[in-house]
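Trainee: FYI, the numbering for the sequence shown is -25 to -1, 1 to 533, going by mature numbering (1 follows the signal peptide of the UniProt record, and there is no 0).
Note that the Cβ used here is the ideal one computed from N, Cα and C, for glycine as well.
Note that the structure is a prediction, hence the values are computed from the model and not measured.
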Amino acid sequence: MKISKIIYSLAAAAGLLLTSCEDLSEVNENPNSPEEVSSNYIMSYVLTHSARAYYALGAEGSELSGAMQYIQMGTNEGATKVNQYGWSASGWSEYYNILKNNDLMYQAAVRDNNRFFQAIALIMKSFVFGLMTDLFGDIPYSGALRAASEQYYPEYDNQIDVYKGILTDLKTASALLGSLGATDVVSAGADVLYGGKAAGWQKFANALRMRYALRLSGHKSELSAAGIDIAAEFKDAAGATFTANTDDASLAFIGTTKDNSAAGGILNASNPLYYIKPSKPFMDKLTALGDPRRDRWFQPVLNKWDVQTAVATDKTVTNVFGETFTVKYVPAKPAANVDTSLYVGLPVGLAIVDATSYNKGDDGTAYNPERSPYISFLHSRYRANSEAYVKMNLITYAEVEFMLAEAALDGGWGVSGTPEDHYKAGIKASLDKYNAQAANGFSFDKYYARNAVSLASAPNKLERISEQKWIAGWLSVEPWFHWRRTGFPALKTGPAAQFGAAIPVRFVYPVANADAKYLVNYNAAVDKLEATGYVPTGQSKDHQYSKMWLLKGTSAPW
């Protein structure tokens, strides 16, 4: 796929920037009739807003970027929710606004008998509803978006039924895309994801089928009883999906306005996000592996403790991609309890007072805590409005290969190729995405030959696959979903985790509407959640440590 740039002007011109509301009675208000707006404009809105919403969930400073230990907050700014998992109610109005517009596109496609638009609408419906049920559990699904039949307070569907609908719609979409006629076309300019190419959309649909089939691997028998053979779904989809990075479902930021720029860029953030720090587990893993992606994502410390230095001295440091940085080498006592590394991450889950003073040693200088020079910052590319290596990835070829590696390792999924073939391809795809071959002295074969990388040397092969999938999924949502299902990577919480030594497993529903008609459905959904031992006595089961149906009956992740 050619990486397309976001064109919010299309959506704005069509008047589709809808206001937010958490009340499902508002979400289900009767929308404009489909003939009032071009389906091409609606498609652009759906694609760009879906990509932004998905990206934001895992982006730097989000709850999930902290839960997956990509980053930590270096001040009290957001530390409670990011470092210590003090999550609160989440919103979903943005998702339903996208779905309302997507439904307009689908209605128009059916009216016009345009199978291409029908397929795109089914894929994006599956993507957004799939994300919602992954996050929350039971959600309004079959009864949502039905204001025409006066369903203003839809029930929350059982999660298994939502997943069944998603897999059915994705399979239907793939079939539609394989049988398009001459009149089944979309505007290449408005299709900011695949430029009007049906082959790209079909591969995307099948990649999502694989994602959800594997997501449901712990419930094969229940899905079978519901008429879905997830192994057969996975095998069928794997035969017609991504085979290269150019297939990725990925959007770039334009960088000309706040709406089409990255969150950390100067159009959206008046000051650099210095308070967002790399986490120590992730940083140390990359350093131990000699992974060049580290230098794409992070910068060296400004001040480096050094036991060989007698007087503080500025030195020029060059990373593996030839970028230069000025680093002050500061004398360190041999017995000092400091990290002398050039790349330093912040340990996870520290109390705020400990996080703000971490690695300062005996330096009594009154630094602004967020500007501590003894901890690395994110790379300056995360300060750009648009940057070549900062994309909104919905699903990637690397993820597809890691899924195939896991399926081949597990057996029973009918995929061709060995676990190592696919695992190796997944790593290479991610490294290529960040142009690792441009790193000084880098050799993929040498990287893969490391005992800590090769699959053959792994004592637990699923853990090894998961670890590389985690690295490749930097600042994205999918690693959290994978971790929930497998328990890998085996991440540990810090000392200040609010609810105990465990990472959360779901999002809390939006703040409940006081209307009795809403509450009866909300309460029914909450009643089906399973409160774990990490939910404090007396608190609602609508909690980040309660298990949804997807996680019930499993020992993972804890």
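For residue 64, which three-state DSSP category applies?
Mentor: Within the sequence shown, numbered from 1, the residue matching residue 64 stands at position 89. Residue 64: strand per DSSP, three-state reduction.
Trainee: Taking the CB atoms as reference points, tell me whether residue 227 and residue 361 lie closer together than 9 angstroms.
Mentor: One-based indexing of the sequence shown puts residue 227 at position 252. One-based indexing of the sequence shown puts residue 361 at position 386. With contacts defined by Cβ atoms closer than 9 angstroms, residue 227 and residue 361 form a contacting pair.
Trainee: My assumption, with CB atoms under 8 angstroms, is that residue 430 sits in contact with residue 395. Please give the rounded CB distance.
Mentor: By one-based count along the sequence shown, residue 430 stands at place 455. By one-based count along the sequence shown, residue 395 stands at place 420. Yes, residue 430 and residue 395 are in contact; Cβ-Cβ is about 5 angstroms, under 8 angstroms.
Trainee: Which same chain residues, not among the five before or five after residue 364, have their C-beta less than 7 angstroms away from its C-beta?
Mentor: Stepping through the sequence shown from its first residue, residue 364 is reached at position 389. Cβ contact annotation for residue 364 (same chain, cutoff 7 angstroms, sequence separation greater than five): 271, 356, 409, in chain order.
Trainee: Taking only runs of the beta strand (DSSP E) that begin and end inside the segment 214 to 241, which ones reach a length of at least 3 residues, in chain order?
Mentor: 224 to 227
Trainee: Judging by CA-CA distance, which residue of 366, 189, 232, 510 is the nearest neighbour of residue 383?
Mentor: The sequence position of residue 383 within the sequence shown is 408, counting from 1. For the residues 366, 189, 232, 510, the minimum Cα distance to residue 383 belongs to 189.
Trainee: For my contact list, residue 187 and residue 142 are in at a C-beta cut-off of 8 angstroms; report their separation, rounded to the angstrom.
Mentor: The residue you call residue 187 lines up with position 212 of the sequence shown. The residue you call residue 142 lines up with position 167 of the sequence shown. Residue 187 to residue 142, Cβ: 6 angstroms. Contact.
Trainee: Using the Cα positions of residue 251 and residue 46, report the straight-line distance between them to the nearest angstrom.
Mentor: Here residue 251 refers to the residue found at position 276 of the sequence shown. Here residue 46 refers to the residue found at position 71 of the sequence shown. Straight-line Cα distance between these residues: approximately 7 angstroms.
Trainee: Note down the Cα distance separating residue 266 from residue 434, rounded to an integer number of angstroms.
Mentor: Translated into the one-based positions of the sequence shown, residue 266 becomes position 291. Translated into the one-based positions of the sequence shown, residue 434 becomes position 459. Each residue's alpha carbon lies about 21 angstroms from the other.
Trainee: Taking all protein chains shown into account, do 16 or more other C-beta atoms lie within 10 angstroms of the C-beta of residue 72, making it buried, or fewer, making it exposed?
Mentor: Residue numbering aside, residue 72 sits at position 97 when the sequence shown is read from its first letter. Answer is buried; the Cβ neighbour count reaches 16.
Trainee: Beta carbon of residue 207, beta carbon of residue 392: below 9 angstroms?
Mentor: As a first step, residue 207 is located in the sequence shown; it is residue number 232 there, counting from the start. As a first step, residue 392 is located in the sequence shown; it is residue number 417 there, counting from the start. No; because the gap between Cβ atoms is not below 9 angstroms, this pair is not in contact.
Trainee: What is the DSSP secondary structure of residue 254, counted as helix, strand or coil?
Mentor: Taking the sequence shown and counting its residues from 1, the one referred to as residue 254 is at position 279. In this structure, residue 254 counts as strand in the three-state DSSP scheme.
Trainee: Considering only C-alpha positions, which residue in the set 137, 27, 97 is nearest to residue 82?
Mentor: The residue labelled residue 82 in the question sits at position 107 within the sequence shown. The shortest C-alpha separation from residue 82 is found at 97.
Trainee: Assign residue 328 to buried or exposed, taking buried as 16 or more other Cβ atoms, counted over all protein chains shown, within 10 Å of its Cβ.
Mentor: Start at 1 with the first residue of the sequence shown, and residue 328 comes out as number 353. Exposed, by the Cβ-count rule.
Trainee: Who does residue 82 pair with in a DSSP beta bridge?
Mentor: In the sequence shown, counting from the first residue as 1, residue 82 sits at position 107. Paired residue(s): none; residue 82 is not in a bridge.
Trainee: Using 8 angstroms as the threshold, is the segment 94 to 114 in touch with the segment 46 to 56, meaning 3 or more CB pairs across them?
Mentor: no
Trainee: Just to confirm my understanding: we take residue 387, look at its own chain, exclude 5 residues before and 5 after, and list those with CB closer than 8 angstroms. What are they?
Mentor: The residue you call residue 387 lines up with position 412 of the sequence shown. Excluding residues within five positions, the ones whose Cβ falls inside 8 angstroms are 206.
Trainee: Hey, quick one: how far does the beta strand (DSSP E) through residue 46 stretch, first residue to last?
Mentor: Translated into positions along the sequence shown, residue 46 becomes position 71. Counting along the chain, the beta strand (DSSP E) containing residue 46 begins and ends at 46 to 48.
Trainee: Please name the residue in 436, 317, 67 whose C-alpha comes closest to that of residue 276.
Mentor: Residue numbering aside, residue 276 sits at position 301 when the sequence shown is read from its first letter. Residue 276 has its Cα closest to that of 317, out of 436, 317, 67.
Trainee: Among 399, 350, 375, whose alpha-carbon lies nearest the alpha-carbon of residue 274?
Mentor: As a first step, residue 274 is located in the sequence shown; it is residue number 299 there, counting from the start. Each of 399, 350, 375 was checked against the Cα of residue 274, and the nearest Cα belongs to 350.
Trainee: I'd like to know if residue 418 contacts chain D, where contact means its C-beta is closer than 9 angstroms to some C-beta of that chain.
Mentor: Considering every chain present, this structure includes no chain D. It has just one protein chain.
Trainee: According to DSSP, simplified to helix, strand and coil, what is residue 493?
Mentor: Taking the sequence shown and counting its residues from 1, one reaches residue 493 at position 518. Residue 493 falls in the helix class under three-state DSSP.
Trainee: Between the alpha carbons of residue 536 and residue 367, how many angstroms are there, rounded?
Mentor: Any property of residue 536 remains undetermined from this structure, which presents the chain solely from -25 to 533.
Trainee: So, for residue 213: in the same chain, excluding its five sequence neighbours on each side, which residues have a beta-carbon less than 7 angstroms away from its beta-carbon?
Mentor: Translated into the one-based positions of the sequence shown, residue 213 becomes position 238. Excluding residues within five positions, the ones whose Cβ falls inside 7 angstroms are 185, 379, 390.
Trainee: Answer yes if the segment 307 to 325 comes into contact with the segment 253 to 264, meaning at least three C-beta pairs across the two stretches below 8 angstroms, and no otherwise.
Mentor: yes
Trainee: Are the segment 160 to 171 and the segment 234 to 245 touching, with three or more C-beta to C-beta distances below 8 angstroms?
Mentor: no
Trainee: On the criterion of 16 or more Cβ atoms from any shown chain inside 10 Å, does residue 514 qualify as buried, or is it exposed?
Mentor: In the sequence shown, the residue the question calls residue 514 occupies position 539. Classification of residue 514: exposed, given that the 10 Å Cβ count is below 16.
Trainee: What does a CB cutoff of less than 7 angstroms around residue 344 pick up in its chain, not counting 5 residues either side in sequence?
Mentor: The residue given as residue 344 occupies position 369 in the sequence shown. In the same chain as residue 344, and ignoring 5 residues on each side of it, the C-beta atoms closer than 7 angstroms to its own belong to 49, 50, 331, in chain order.
Trainee: Can you give the Cα-Cα distance for residue 120 and residue 131, rounded to whole angstroms?
Mentor: Numbered from its first residue, the sequence shown carries residue 120 at position 145. Numbered from its first residue, the sequence shown carries residue 131 at position 156. Each residue's alpha carbon lies about 13 angstroms from the other.
Trainee: For residue 78, count the other beta carbons within 10 Å of its own beta carbon; 16 or more makes it buried, fewer makes it exposed. Which is it?
Mentor: Position 103 of the sequence shown holds residue 78. With 16 or more other Cβ atoms within 10 Å, it is buried.
Trainee: Would DSSP call residue 332 helix, strand or coil?
Mentor: As a first step, residue 332 is located in the sequence shown; it is residue number 357 there, counting from the start. Helix.
Trainee: Am I right that residue 211 and residue 372 are in contact with their C-beta atoms under 8 angstroms? What's the rounded C-beta distance?
Mentor: As a position in the sequence shown, residue 211 is number 236, starting the count at 1. As a position in the sequence shown, residue 372 is number 397, starting the count at 1. Wrong, their Cβ atoms sit about 19 angstroms apart, outside the cutoff.
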